[in-house]
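Residue numbers (numbering that gives the first Met the number 0), protein chains in the order written: chain B, 0 to 459; chain C, 0 to 459; chain V, 0 to 459.
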Amino acid sequence: MAHRSNHYDVTQWPHGDAAHDIGAVINDILRDVKERQRTTDVEGGGRPGAVVYIPPGDYRLRTQVVIDISFLRIEGAGHGFTSSSIRFNVPEAEWADLHELWPGGSRVMVDLAGVDAGDEASGAAFLVRRKGSPRISSVEFSGFCIDGLHFTAPGPDDNAENSYVNGKTGIYVEDANDSFRVNEMGFVYLENALTIYHADALSIHDNFIAECGSCVELRGWGQASKITDNLIGAGFAGHSIYAENHGGLLITANNVFPRGASSVHLHGVTRSSVTNNRLHSFYPGMVVLSAGSSENLVASNHFLRDHEPWTPFLGVEGRHDDAFGLVNVHGDGNSIIGNHFSEVVAASRVRPAGTPPVIVRVTAGTGNRISDNHVVASDVDPAAQDSAFEAQVEALLSTADARPLPVTTVRIDAGADGNTVLDSGTEGEVDADLERNAVRFTPAIRPSHTTTAAQKMVRT
Amino acid sequence: MAHRSNHYDVTQWPHGDAAHDIGAVINDILRDVKERQRTTDVEGGGRPGAVVYIPPGDYRLRTQVVIDISFLRIEGAGHGFTSSSIRFNVPEAEWADLHELWPGGSRVMVDLAGVDAGDEASGAAFLVRRKGSPRISSVEFSGFCIDGLHFTAPGPDDNAENSYVNGKTGIYVEDANDSFRVNEMGFVYLENALTIYHADALSIHDNFIAECGSCVELRGWGQASKITDNLIGAGFAGHSIYAENHGGLLITANNVFPRGASSVHLHGVTRSSVTNNRLHSFYPGMVVLSAGSSENLVASNHFLRDHEPWTPFLGVEGRHDDAFGLVNVHGDGNSIIGNHFSEVVAASRVRPAGTPPVIVRVTAGTGNRISDNHVVASDVDPAAQDSAFEAQVEALLSTADARPLPVTTVRIDAGADGNTVLDSGTEGEVDADLERNAVRFTPAIRPSHTTTAAQKMVRT
Amino acid sequence: MAHRSNHYDVTQWPHGDAAHDIGAVINDILRDVKERQRTTDVEGGGRPGAVVYIPPGDYRLRTQVVIDISFLRIEGAGHGFTSSSIRFNVPEAEWADLHELWPGGSRVMVDLAGVDAGDEASGAAFLVRRKGSPRISSVEFSGFCIDGLHFTAPGPDDNAENSYVNGKTGIYVEDANDSFRVNEMGFVYLENALTIYHADALSIHDNFIAECGSCVELRGWGQASKITDNLIGAGFAGHSIYAENHGGLLITANNVFPRGASSVHLHGVTRSSVTNNRLHSFYPGMVVLSAGSSENLVASNHFLRDHEPWTPFLGVEGRHDDAFGLVNVHGDGNSIIGNHFSEVVAASRVRPAGTPPVIVRVTAGTGNRISDNHVVASDVDPAAQDSAFEAQVEALLSTADARPLPVTTVRIDAGADGNTVLDSGTEGEVDADLERNAVRFTPAIRPSHTTTAAQKMVRT
């Protein structure tokens, strides 16, 4: 592990003190790598990069890390998540009894001074910035925790720690990049966990990204990337997964929990997949295909929309009413196939009042295909709880005491035509111009034989 | 790697001998971690946890490891699976010619004394136990092998090693937990590989869990977890994947091979996904949704049910007859969409005799949707072989010499109504009260034009 | 990290020089492992194997590594991909301005002498070869880069570096094997990245395999394996993912980009899954089920076929014309369910000229089910660009300026009968003998109301 090799340990680097400022230490290591790898071509090699190891520990980051070399892996031994959100809503009198107060693992504590509110990059713990050719490649972040420590703006329940706002970003990639990896990381209490511009063949895999304002944002444009097998949940105003102007993006096998304003938002995205995810939200607008997002596949996902059950966040509302749809499509040629939707809300809280909530809505576009989707809608009396975990599990498991809730399973707006809706709602549930779209209704069960809620299963 | 840091190596710990008792060594390391991390709040940190590294080697575990700290990662460098099941059915005379006899990698050999048959926790190699708040978080198990060594009860072919019974559990998590990870592990010859109570945001990913009585059991209740991308196969009496009272569980991208009594069993589970898995079983009851499991999505899975081909286990039967269904549903509002089913059995062995096997059966519940499923059923003459590998591959690949087998693709029991069945069987294949359920039959091919088995493809 | 333990570091091994010949060093380490692990049974263990660590660096491999022990993990700290393809098409005058010239990370540079063109194994950097019992098990390759350095045959644009031919293979597994893993690896500029015979319970997960002639080939026969969550793209004449005579193979969550001759080719494969992948190709024949491949599930995939946009490869054509289909099936009982197809080509380049391209074609077989597939076909004017990245993204994102393209969504050849086609094309789009197959057409939108291209969304 000598620093003559390309394997560095932040705790053994002779310059600086990683506990006091891991940012300064990593920057000094990068300086050393560049000093030792001066030439681009030494017998067919020359710039293999390095690995920087962060053992478990608490490391304050007072200096932004700036990465401008390819083939760098920064690696820890623990994603270190614990719920800061729960902790910051525990009365201070009880803190003495807590086993831990803070996240852990290989934990980078983002404590930057001089963050410029108008310059997102300035608040990033890790900034990747390099112009020229080739694009910076194969930078990897693996197995450590980036903790923003505190939220600082006015927030729900009069608690700034519930605001999801602090101007901090975990990783900010500013320039075009290739074959990056973010694996097994933990992100917590950052306003933006991961913001990446101009990605190609990016892999965001098997991370824990929760209690951040926004979690994954792919900006600018990009292609052929994947966001797979992550546990993700953003704040009430942010994005869990967002991409703009991407093609060939694969979003699959993610478990996206509340409370993001959306679960997956694709803006001007084409020929991409949102398949096989488990999506849970407290608001409409779970999957949004906006700005002409076209020829995307949204299939085999499980959607659950219900109400916030945890006391500190009661009263926070989403930005859209229930007419917006759990899926909202503005674009052409998309496929919405074989999804399950559970809409579990209090009828009295549906907005606009007196109208059925919409599940899939096409606001504009042609050639969209919506087929074989199954909607289960229930009118419930939501209960609130002080314990986040128990409240959530209880809400998730309660199906027996629900009443059927009328819904519009599919709405095709007047301006949209040439769309096809198959087996995604009975005649009373699909709202579309049948002259301008092709619709085959789901066969209805004869009303006289429909089981009432009282006859439903009770878990045993 | 000094033990002053939070990175420990079991082979370099000065107290105890990891080869003789790795359990005692790890417990002593945990004692050291706790002694050094006494305070919950030291400049915004205090308890970051540790990583315990297990290099490749054989390590006997004579003392149970008891984990009560968050942010602990126990990490090896090899899942170390080899088939003990095959080895224990090799005649002893041939052992001298074998390249290896035992599993390997970073191998923990579970050799606990004093296991109490009535107390599952007592037989666990790793016991996670902590009361109070917060829930224990971010404990990670990664990249090592837990080997139960031998099975010990009477078993098939008069061989105790075929019994899947020895009272041992690999990892047993007793108390509520958050953001745990089990990745890249190997589990072999344990009666229970992984038993976890009260999980939240758990990830069980990319493991090799085979030749264990039961593989993954999520008990009590829990939410928002994922079981993804694993190779899994339980014993004939156990569970490959089992969960109870979970919500928002995502089970995807797993390759679940025989011989578990079930492939995926959800008991009182709601709003969860079983999607995109490859499932193979020797018995009916492959996916069981029991006890009012509701609003789950079972989609895009490949089901194969055939007969045990390997000599030592011939004659072992499942607990259900063929009327039980490959999928059995007791609950409301579930979606069974777009699955492929291959039923490859000897007609003479179907039970009850003379009845067609059932593929999807709803025993109770309303609002279930069964659509666009494809069933291929064949009557074959199963052959047995002494080689497990060749027997299995041969059985898997043989499709040419089969005769069509009549099946009931969907049965809705008399007590269940309000369900919808679309394109999941022709008129003769769906057994449901058409007055009480909505059914659209798959269009039939005119019988005179059906290809006979003799005309089918032959692989070249 | 002493070499007395089972943890080795190639840079610290006292014999040989890893930078000059990492192959010789690893072989010497394997000799040491075998010398120390002589006995198969030492107190219930004896041959746990070892881990060989390759820190980031450039390591030339002049000697083939031959692996014949189980439980070996070879592990690096960086997959090290950068695009050699782009670099080798940059004018030499610009090289001085490039940040890097070569791939990096833990980089093995394959520089074998004496490769025998008639003996694929001779050109392998890593050769796994062991006869006898048990099958070699749990060999793992993780986190390093295998770089073939140069292609050497005549290639497009008169550049040998565009030929994808050099006789080199990254990893070649010759004998039956069990529970192998290939994870987080990078492969670049190899004629064959990964060739594995007779695999059981193999996992190929989360790798970056690009700019290789062929990427993953599973040959001989095998079972119960998975190819998941990879970024993969082969050369114009090769396979991205190929398997023959496999059963129970799970291919999911892969992002397969061009330019492979096929994306997924299954030959004599049964009861396997190709689900939930994102597939992109420049040629027909994206998913090929050949030689009686039967009872496979192809579901929830996103298919995009368009034209090569990058200048150096313009003019390279696939081996099949557009009548071949994007999916081509020769076999029985397969399920093609819920896929999205985007066919984006210049009508003038469709072959045979004047005929509509075919999307799904069944050339022979019975009992196949093709249901709920959505095809979007566009006639475009493809533009070429000098920048690979920008050309690809631009092509991916452009949907607005397209004209509708007539297609045959499903063709069942005259020799194939007993197949079922549901909701996968309107009456004019499905070409099948309706007497011999069961077909339900997708309901058509009344032509007078179909939106013209000019009315389509424009991204904003």
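Backbone N, C-alpha and C define an ideal beta-carbon position, used for all residues, glycine too.
* To do: Please confirm if Gln11 of chain C has its CB atom under 8 Å from at least one CB of chain B.
  => Cβ-Cβ to chain B under 8 Å: no for Gln11 of chain C.
* To do: Compute the Euclidean distance between the alpha carbons of Gly284 of chain C and Ser262 of chain C, then round it to the nearest angstrom.
  => It is roughly 8 Å from the alpha-carbon of Gly284 of chain C to the alpha-carbon of Ser262 of chain C.
* Asked: Between Glu99 of chain B and chain C, is there a C-beta pair that is closer than 8 Å?
  -> With 8 Å as the cut-off, Glu99 of chain B counts as an interface residue toward chain C.
* To do: Measure from the C-beta of Gln454 of chain B to each C-beta in chain V and report whether the shortest distance is under 8 Å.
  => Interpretation of Gln454 of chain B is limited by its pLDDT of 44, a score under 50 that renders its predicted location unreliable; no figure is taken from the coordinates.
* Straight-line gap, Leu189 of chain C to Gln391 of chain V (C-alpha atoms, nearest Å) -> Going by the C-alpha atoms only, they are around 50 Å apart.
* For Pro442 of chain C, name the three-state secondary structure that DSSP assigns. => If DSSP states are grouped into helix, strand and coil, Pro442 of chain C belongs with coil.
* Can you tell which of C:Val328, C:Ala116, C:Thr354 and C:Val406 has its C-alpha closest to the C-alpha of Asp412 of chain C? -> Measuring from the Cα of Asp412 of chain C, the nearest candidate turns out to be C:Val328.
* Asked: Just checking my contact of Leu404 of chain V with Val359 of chain V at CB under 8 Å: how many whole Å lie between their CB atoms?
  -> Contact flag wrong, Cβ pair sits at about 16 Å.
* Asked: At a Cβ threshold of 8 Å, is Thr362 of chain V touching chain C?
  -> No, its Cβ sits nowhere closer than 8 Å to a Cβ of chain C.
* To do: Using DSSP bridges, identify the partner residues of Val138 of chain C.
  => Residue pairing from DSSP leaves Val138 of chain C without any beta-bridge partner.
* Find the residues of chain V that neighbour Phe70 of chain B, judging by a C-beta separation of less than 7 Å, and give them in chain order. => Within 7 Å Cβ-Cβ: Pro55, Gly77, Gly79, Gly103 and Gly104.
* Report the residue from C:Asn182, C:Phe207 and C:Arg218 whose alpha carbon sits nearest the alpha carbon of Thr194 of chain C. => Of C:Asn182, C:Phe207 and C:Arg218, the residue nearest in Cα terms is C:Arg218.
* Asked: Would you say Thr62 of chain C reaches chain B, if we count a Cβ-Cβ gap shorter than 8 Å as a contact?
  -> Among the CB atoms of chain B, none fall inside 8 Å of the CB of Thr62 of chain C.
* Asked: Is any beta-carbon of chain V found at less than 8 Å from that of Arg128 of chain B?
  -> Closer than 8 Å: no.
* **Own chain, CB closer than 6 Å to Arg435 of chain C, minus 5 neighbours either side, in chain order** => Within the same chain, Arg435 of chain C has close Cβ partners Asp416.
* chain V contact residues for Val50 of chain B, given Cβ-Cβ distances below 8 Å -> Here the neighbours are Pro54, Pro55, Ala76 and Gly77.
* Measure the CB-CB distance between Gly234 of chain B and Phe207 of chain B and report whether it falls below 8 Å. => No, the Cβ-Cβ distance between Gly234 of chain B and Phe207 of chain B is not below 8 Å.
* Evaluate the contact criterion for the stretch 361–376 of chain C versus the stretch 318–334 of chain C: three or more CB pairs, one atom per stretch, below 8 Å. => Yes, they touch.
* Asked: Can you name the start and end residues of the beta strand (DSSP E) that Gly22 of chain B belongs to?
  -> From DSSP, Gly22 of chain B is part of no beta strand (DSSP E) but of the alpha helix (DSSP H) over Ala17 to Arg35.
* Are there three or more Cβ pairs, one per stretch, closer than 8 Å when the stretch 135–142 of chain V is compared with the stretch 156–167 of chain V? -> With a cut-off of 8 Å, the stretch 156–167 of chain V and the stretch 135–142 of chain V do not count as touching, because too few Cβ pairs lie within range.
* Asked: In chain order, which alpha helix (DSSP H) runs of at least 4 residues are fully inside the stretch 340–404 of chain V?
  -> DSSP runs (the alpha helix (DSSP H)) wholly in the stretch 340–404 of chain V: 387–396.
* Asked: Using the beta-carbon of each residue, which ones in chain B are nearer than 8 Å to Phe150 of chain V?
  -> Those within 8 Å of Phe150 of chain V in chain B number zero; the least Cβ separation is about 15 Å.
* Counting only beta-carbon atoms, is Met184 of chain C nearer than 8 Å to chain V? -> No, its Cβ sits nowhere closer than 8 Å to a Cβ of chain V.
* Any chain V beta carbon closer than 8 Å to Glu216 of chain B -> By this cut-off, Glu216 of chain B is not an interface position.
* To do: Could you tell me whether the stretch 98–111 of chain B touches the stretch 122–134 of chain C, using the rule of 3 or more Cβ pairs below 8 Å?
  => Yes, the stretch 98–111 of chain B is in contact with the stretch 122–134 of chain C.
* To do: In angstroms with no decimal places, state the Cα-to-Cα distance between Asp324 of chain V and Ser347 of chain B.
  => Here the sequence assigns Gly to residue 324 of chain V, which means Asp is not the residue at that position. Spanning the two alpha carbons is a distance of roughly 52 Å.
* **Backbone CA spacing between Thr407 of chain C and Ala352 of chain C [nearest angstrom]** => Rounded to whole angstroms, Thr407 of chain C and Ala352 of chain C show a C-alpha spacing of 14 Å.
* Kindly list, in the order they appear in chain C, the residues whose Cβ is closer than 7 Å to that of Ile85 of chain B. => Think of a sphere of 7 Å around the beta carbon of Ile85 of chain B: the chain C residues whose beta carbon falls inside it are Pro133, in chain order.
* Is the beta carbon of Ser280 of chain B less than 8 Å from the beta carbon of Gly247 of chain B? -> Cβ atoms of Ser280 of chain B and Gly247 of chain B: not closer than 8 Å.
* Can you tell me the Cβ-Cβ gap for Val109 of chain V and Lys167 of chain V, rounded? I've got them flagged as a contact below 8 Å. => Confirmed, about 5 Å.
* Any Cβ of chain V within less than 8 Å of the Cβ of Gly337 of chain C? -> Closer than 8 Å to some Cβ of chain V, the Cβ of Gly337 of chain C qualifies, so yes.
* To do: Can you tell me which of B:Pro257, B:Thr274, B:Pro356 and B:Glu307 puts its alpha carbon nearest to the alpha carbon of Asp320 of chain B?
  => When each option's Cα is compared against that of Asp320 of chain B, the closest is B:Pro356.
* To do: Would you give the residue range spanned by the beta strand (DSSP E) that Arg106 of chain C belongs to?
  => Bounds of the beta strand (DSSP E) holding Arg106 of chain C are Ser105 to Val109.
* Under 8 Å between C-beta atoms, does Ser272 of chain V make it to chain B? -> Ser272 of chain V does not count as touching chain B.
* Asked: How about Val326 of chain C and Asn295 of chain C: are their beta carbons less than 8 Å apart?
  -> For the pair Val326 of chain C and Asn295 of chain C, the CB atoms are not nearer than the 8 Å cut-off.
* Rounded to whole angstroms, what's the CA-CA distance from His245 of chain C to Thr81 of chain V? Just pull it up for me. => Each residue's alpha carbon lies about 43 Å from the other.
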